[in-house]
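Number of protein chains: 2
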Amino acid sequence: MTYAMIGTWRMAYEGLCKGMDLLKTNGKSSDAVEEAIKEVENYPFFKSVGYGGLPNANGLVEMDSAFMNGDTFEVGAVMGISDIKNPISVAKRLSHEHFNSVMVGTGATQYASQNGFERKNMLTDRAKKIWEKRKREIAEKNLSPYDGHDTVGMVSLDQNGSVSVGTSTSGLFMKKPGRTGDSALVGDGFYADSEIGGAAATGLGEDIMKGCLCYEIVRLMGTGLNPQEACDQAVYPFVEKLKKRYGKAGEFSLVALNKEGQWGVATNVEFTFAVGTETKEPKIYIAYPEDGNKTKINPITQEWLDAYEKRIKAPID
Amino acid sequence: MTYAMIGTWRMAYEGLCKGMDLLKTNGKSSDAVEEAIKEVENYPFFKSVGYGGLPNANGLVEMDSAFMNGDTFEVGAVMGISDIKNPISVAKRLSHEHFNSVMVGTGATQYASQNGFERKNMLTDRAKKIWEKRKREIAEKNLSPYDGHDTVGMVSLDQNGSVSVGTSTSGLFMKKPGRTGDSALVGDGFYADSEIGGAAATGLGEDIMKGCLCYEIVRLMGTGLNPQEACDQAVYPFVEKLKKRYGKAGEFSLVALNKEGQWGVATNVEFTFAVGTETKEPKIYIAYPEDGNKTKINPITQEWLDAYEKRIKAPID
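From first to last, the protein sequence lines stand for chains A and B.
In terms of this note's numbering, the first sequence opens at residue 54 and continues consecutively.
In terms of this note's numbering, the second sequence opens at residue 54 and continues consecutively.
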């Protein structure tokens with residue numbers, strides 16, 4: 054059997070490469086997802102996940118993370134956890150519990166701490182500076198505070214045919230204390246069924262959850278659609294429905310992988326992602342919505358990557 | 054247009070009668086859901102919802118609640134909220150927010166407090182006694198602590214064709230601090246689309262969420278199935294799938310209502326519920342699973358009701 058992995062955003066790349074190394078040597082999809090997301094959580098320059106993630110309105114980094122095993126439907130998730138180095142590892146551990154497998158707030162932090170997960174102050178100096186600058190700008194220019202919300206989501210297929218999915222995020226920038234999004238909600242931010250495939254979401258969680266989009270993508274793949282068709286058919290009509298019924302739609306980007314190792318994405322904004330398969334080395338792509346409920350996908354350019362690298366490391370004035 | 058309402062468990066009845074009074078006089082389905090659930094939250098003898106709800110393993114009553122407007126797909130939810138009289142009202146208020154509409158833990162409690170929602174110590178003497186007795190029994194008899202988890206869920210259709218759904222629970226008995234279930238997860242514990250109908254769940258949240266069952270029921274009704282067919286087809290095959298893939302399945306009970314005011318339920322345990330329609334006064338029924346993925350539904354007997362009344366008010370030794 055084949056193996057493959059897809060992850061949301063440029064930030065997924067290095068972790069995905071590690072995950073693919075595991076899959077290549079017959080590692081488990083669950084381990085590949087955990088290792089890949091830990092890599093993203095640990096990197097201090099990604100400002101929406103783990104260490105270096107931006108804090109909530111009170112200055113605390115509160116994180117959401119989930120893990121799902123597509124063989125068994127086991128789910129583990131944490132919401133509003135703080136001071137824990139790798140939320141994805143907590144979520145994965147919780148997925149083994151039949152009871153108390155989804156935990157929120159200080160209870161989640163306490164569980165992680167009592168079960169030996171590494172504690173860490175997740176606020177970097179850089180994130181603190183960005184947060185302070187943003188607070189000034191919001192006050193001075195009357196801006197909406199809620200302009201950033203990028204989750205890392207990874208879907209992985211291993212050589213034994215197991216599909217797993219994981220997510221991790223520090224959530225909506227300047228969120229109110231306790232706010233959570235779609236990333237830890239089953240079917241909304243993630244879903245996996247090893248007989249079909251898996252999907253993960255990033256974007257404005259408050260709107261993504263209204264459509265249960267990850268469950269819907271997996272369900273559509275189960276009817277015989279390939280991942281790209283499933284993403285297109287689940288996402289774009291729902292964005293239109295939301296505009297009509299709710300008056301607006303936030304940013305949505307979805308990735309999916311099926312049990313043959315085929316993949317797809319759909320997005321209503323410019324969206325980068327990383328993919329590796331048995332026959333193609335991991336690469337970063339960029340996607341845009343196209344007319345007719347389609348998605349346009351190009352390889353990323355070196356120019357884009359250089360500008361990104363410069364941007365995430367630029368001095369904060 | 055017609056109106057109707059369905060709610061989970063015998064405990065839904067009095068609240069549902071109040072909700073039906075509102076619907077009869079052209080009230081909104083959203084208000085009917087809120088009023089109905091508040092009634093359940095306020096009644097001290099229901100030990101799994103609101104005031105009188107059983108506390109977590111540390112002795113604190115932590116509650117989950119959600120609200121969804123099927124016209125707009127607006128969702129509001131709280132998880133692990135404490136010391137707030139009516140979590141459903143907080144969830145409904147949050148549904149009007151485009152950002153920060155789902156809140157967990159102390160952040161949720163703080164939001165409610167800062168926005169004028171009534172604070173209340175939700176632990177009754179009776180609940181404390183039950184909790185203490187149960188702790189003794191668990192220690193002495195080596196019992197599983199996790200044997201109770203009844204959510205009140207209400208789905209309502211008003212004369213303008215609007216469908217709303219709400220849920221409220223104090224969660225799994227003896228849960229760990231911070232544990233949450235399906236009740237506040239969109240698509241898992243509840244879903245509504247006014248062009249189709251709505252659904253709500255009760256049972257072991259950790260397992261219900263694995264199947265995204267409320268979204269699936271609404272989706273199936275959208276393909277033309279009536280609510281009973283949709284419940285049967287969504288729930289029973291998934292229970293079997295879970296037994297096969299996960300090795301076991303907890304208790305699941307689902308209720309659904311469509312935009313014609315037809316209703317349905319599916320359950321893998323004895324399950325009571327209340328329903329009212331334009332032509333039938335609110336009544337309590339009892340449902341059981343039947344062979345062939347069907348549900349057997351009977352009117353409740355006076356004998357059952359008398360025994361229930363006696364049970365919920367029995368002295369705690």
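We put the beta carbon where it would ideally sit given N, CA and C, even for glycine.
Because the structure is a prediction, the values reported are computed rather than measured.
Per-residue DSSP class, three states only, for residue i
| i | result |
| --- | --- |
| residue 262 of chain B | helix |
| residue 159 of chain A | helix |
| residue 124 of chain B | coil |
| residue 416 of chain B | As displayed, chain B neither begins before 54 nor continues past 370, which places residue 416 of chain B out of reach and without an answer. |
| residue 148 of chain A | coil |
| residue 336 of chain A | strand |
| residue 362 of chain B | helix |
| residue 103 of chain B | coil |
| residue 116 of chain B | strand |
| residue 341 of chain A | strand |
| residue 306 of chain A | strand |
| residue 60 of chain A | strand |
| residue 183 of chain A | helix |
| residue 137 of chain A | strand |
Where the alpha helix (DSSP H) containing residue i begins and where it ends
| i | result |
| --- | --- |
| residue 134 of chain A | Segment 127 to 134 is the beta strand (DSSP E) holding residue 134 of chain A; no alpha helix (DSSP H) there. |
| residue 352 of chain A | Taken as a continuous stretch (DSSP letters only), residue 352 of chain A belongs to no alpha helix (DSSP H), being part of the beta strand (DSSP E) at 347 to 352. |
| residue 67 of chain B | 66 to 77 |
| residue 89 of chain A | 82 to 95 |
| residue 287 of chain B | 280 to 299 |
Rounded separation between residue i and residue j - CA only
| i | j | result |
| --- | --- | --- |
| residue 327 of chain B | residue 117 of chain B | 21 Å |
| residue 336 of chain B | residue 56 of chain B | 15 Å |
| residue 35 of chain A | residue 342 of chain B | With chain A covering 54 to 370 only, the question about residue 35 of chain A has no answer from this structure. |
| residue 77 of chain A | residue 245 of chain A | 21 Å |
| residue 268 of chain A | residue 276 of chain B | 17 Å |
| residue 217 of chain A | residue 370 of chain B | 48 Å |
| residue 257 of chain A | residue 236 of chain B | 21 Å |
| residue 162 of chain A | residue 79 of chain A | 33 Å |
| residue 281 of chain A | residue 54 of chain A | 21 Å |
| residue 313 of chain B | residue 214 of chain B | 9 Å |
| residue 278 of chain A | residue 348 of chain A | 15 Å |
| residue 200 of chain B | residue 225 of chain A | 36 Å |
| residue 190 of chain B | residue 104 of chain B | 24 Å |
| residue 378 of chain A | residue 61 of chain A | What is shown of chain A runs 54 to 370, which leaves residue 378 of chain A out entirely. |
| residue 93 of chain A | residue 68 of chain A | 6 Å |
| residue 259 of chain B | residue 321 of chain A | 32 Å |
| residue 109 of chain B | residue 339 of chain A | 46 Å |
| residue 195 of chain A | residue 111 of chain A | 18 Å |
| residue 158 of chain A | residue 164 of chain A | 10 Å |
| residue 371 of chain B | residue 147 of chain B | For chain B, the structure presents residues 54 to 370; residue 371 of chain B sits outside this window and is missing. |
| residue 295 of chain B | residue 185 of chain A | 48 Å |
| residue 272 of chain A | residue 243 of chain A | 12 Å |
| residue 324 of chain B | residue 365 of chain A | 55 Å |
| residue 114 of chain B | residue 220 of chain A | 29 Å |
| residue 362 of chain A | residue 65 of chain A | 14 Å |
| residue 254 of chain B | residue 239 of chain B | 11 Å |
| residue 206 of chain A | residue 334 of chain A | 19 Å |
| residue 17 of chain A | residue 176 of chain A | The question about residue 17 of chain A has no answer, for chain A in this structure spans 54 to 370. |
| residue 230 of chain B | residue 100 of chain A | 29 Å |
| residue 251 of chain A | residue 233 of chain B | 23 Å |
Element boundaries [beta strand (DSSP E), containing residue i]
| i | result |
| --- | --- |
| residue 318 of chain A | 316 to 320 |
| residue 330 of chain B | 324 to 330 |
Report yes or no: do three or more beta-carbon pairs, one from the region 295 to 303 of chain A and one from the region 251 to 264 of chain A, lie closer than 8 Å? yes
Mind pulling the beta strand (DSSP E) runs of 3 or more residues that sit fully within the region 194 to 270 of chain A? 205 to 210, 216 to 222, 243 to 246, 250 to 256
Count Cβ pairs between the region 137 to 151 of chain B and the region 171 to 189 of chain B that sit closer than 8 Å; are there 3 or more? yes
Could you tell me whether the region 117 to 133 of chain B touches the region 247 to 254 of chain B, where touching means 3 or more Cβ pairs closer than 8 Å? yes
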